[in-house]
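Working notes, structure below.
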Amino acid sequence: MVWEAIEELNLKYLDFYLIDASAPVDNSFLLFYDSDSQEFIEDEELAKQTESKLSEFCREESNCSRKLLVADRQWLLLIRPQPRFVGKRWETEATLAIGLLLSSMVAIYLGLSIRRTLDLEAAMEQLQKTQLQLLQVEKMSSLGELVAGVAHEINNPTSFIYGNIDHTSEYIKNLLELIELYREQYPEPSEEIEEFAEEIELEFIEQDLPKTLASMKSGAERIKNIVLSLRTFSHMDESDLKTVEIHQGIDSTLMILQSRLNPTAGHEEIAVVKEYGDLPPVECYAGQLNQVFLNIIANGIDAIKQRLSEQPEIEKETDREQSGILAPEIRIRTEAIPGKNPEDAGRVAIIIADNGVGIKKENLDRVFNPFFTTKPVGSGTGLGLSISYKIIAEKHGGNLECVSEPGKGTEFIIEIPVKQTV
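With numbering that gives the first Met the number 0, the residue at position 384 of the sequence shown is 383, and numbering never jumps.
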């Protein structure tokens with residue numbers, strides 16, 4: 000910008016200094032323009048060596064210097080015409096050149112100031128976005144550590160319970176067989192034994208105790224599965240690449256979100272349809288990938304709940320068929336994409352679709368922008384999808400695409416390489 004302005008002035012044989020008069024003397028030199036070499040010199044000592052002798056025109060300092068005040072800074076422009084800068088109207092030309100140069104420098108300064116201000120504003124905005132993104136990532140990392148700790152604490156007592164249920168079942172089975180053996184050997188027990196057997200409802204205990212133990216075992220197995228899902232999901236604090244099964248990560252995420260999928264007073268059950276393909280183990284940052292699944296599926300649940308709140312309540316399946324309203328559903332499909340050559344391990348695709356309210360066309364290009372959200376104030380930060388995009392695109396070298404149509408739902412397509420290139 001500065002160079003273009005100087006070229007337009009055609010300052011032949013006219014050197015000049017630019018000095019910051021508001022700065023200390025030892026730090027006031029800004030630059031020197033040498034018209035012979037058409038270069039800007041920022042080294043003050045080198046500028047002094049290059050400087051031409053003062054011409055007669057500059058014996059009066061006011062002829063060759065101008066002060067200007069711009070944005071609370073005082074600048075000093077010192078003109079140094081070379082001896083060759085002569086002619087019939089050389090004084091007039093010099094005065095005109097100084098005026099043009101002065102105007103040009105003001106314009107240049109204002110332009111640079113505006114540009115600097117815009118750059119600072121953009122940098123500040125980017126800094127704020129980065130700071131909030133880092134806070135969100137740190138929050139998820141802390142959540143991962145918390146979940147891992149809770150899962151560990153739950154896992155230990157659960158293992159004791161689950162491990163002892165089989166032994167307890169065997170002991171009770173033996174005790175019941177012993178009671179039956181007593182009955183065979185002593186078909187007519189004493190009156191006291193009969194009264195106590197009736198008091199404790201022995202026959203009911205014999206029938207119900209095996210069922211109770213089976214129920215306890217089923218509950219313990221469910222706790223084990225939840226703990227396993229928590230441990231699978233809680234790899235967020237791990238920074239190393241791991242080779243994992245993608246389907247395990249998806250299933251653990253669904254387990255975490257199960258309570259939001261269950262029917263409530265406000266909405267019916269949200270069905271999850273899995274169409275899993277045959278995927279190879281994938282090298283990835285497992286915890287961060289699970290975070291992407293969590294963000295996308297949670298958004299899908301929110302979109303479905305919004306649609307359900309806006310449509311009339313469906314009491315019977317026949318009413319649904321007649322109205323044409325779809326049952327709430329999240330569909331997850333995975334497939335392997337072959338590599339283009341023997342060295343290419345290929346990619347995997349994870350497609351997560353919901354039949355919620357969908358996204359308007361004018362908002363579709365902004366869904367991955369930081370802080371963009373269509374949710375009510377306080378319901379979302381607008382960082383979930385932007386962080387998800389960075390995880391897929393930057394951390395895994397993959398693609399994350401969003402396809403949507405208002406009223407029909409939204410589909411997110413994730414593609415990541417099977418092997419990461421370091």
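The beta carbon of each residue, even a glycine, is placed where N, CA and C say it ideally should be.
The three-state secondary structure of Leu212, taken from DSSP, is helix. Rounded to the nearest whole angstrom, the C-alpha separation of Leu382 and Pro369 is 5 Å.
Distance between Glu393 and Ile303, taken at the CA atoms: about 29 Å.
Going by C-alpha positions, Gly276 is about 14 Å away from Asp250.
Taken atom to atom, the span from the alpha-carbon of Gly299 to that of Glu342 is near 36 Å.
The residue among Gln206, Phe411, Leu126 with its C-alpha nearest the C-alpha of Val402 is Phe411. Beyond the five residues adjoining it in sequence on each side, Pro280 comes within less than 7 Å, by CB distance, of Thr242, Val243, Glu244 in the same chain, given in chain order. Rounded to the nearest angstrom, the gap between the Cα atoms of Glu191 and Tyr181 is 15 Å.
Rounded to whole angstroms, the gap between the alpha carbons of Asn289 and Ile171 is 43 Å. Just measuring C-alpha positions, the residue of Val226, Thr409, Lys210 sitting nearest Glu152 is Val226. In this structure, Ala219 sits near Tyr161, with a CB-CB distance shorter than 9 Å.
In summary, Gln125 is exposed, with fewer than 16 beta-carbon neighbours lying within 10 Å of its beta-carbon over all protein chains present.
Residue state for Val281 is assigned as strand, using DSSP reduced to three classes. One thing to note: Thr333 has its Cβ within 9 Å of the Cβ of Ala348. The continuous stretches of beta strand (DSSP E) do not include Tyr388, which lies in the alpha helix (DSSP H) extending over residues 383–389. Using a Cβ distance threshold of 9 Å, Ile413 and Asn398 count as a contacting pair. DSSP places Ile164 in the helix class (H, G or I) of the three-state scheme. Ser189: not part of any beta strand (DSSP E); DSSP gives it neither H nor E. Going by DSSP, Leu76 is part of the beta strand (DSSP E) stretching over 72–80. Rounded to whole angstroms, the separation of the alpha carbons of Thr409 and Pro327 is 13 Å. The beta carbon of Glu309 lies closer than 8 Å to those of Val356 in the same chain, with the five residues before and after it left out.
Within the region 252–280, the complete alpha helix (DSSP H) runs of at least 4 residues fall at 257–260. By the criterion of a C-beta distance shorter than 8 Å, Lys360 is surrounded in its chain by Pro405, once the five residues flanking it on both sides are discounted.
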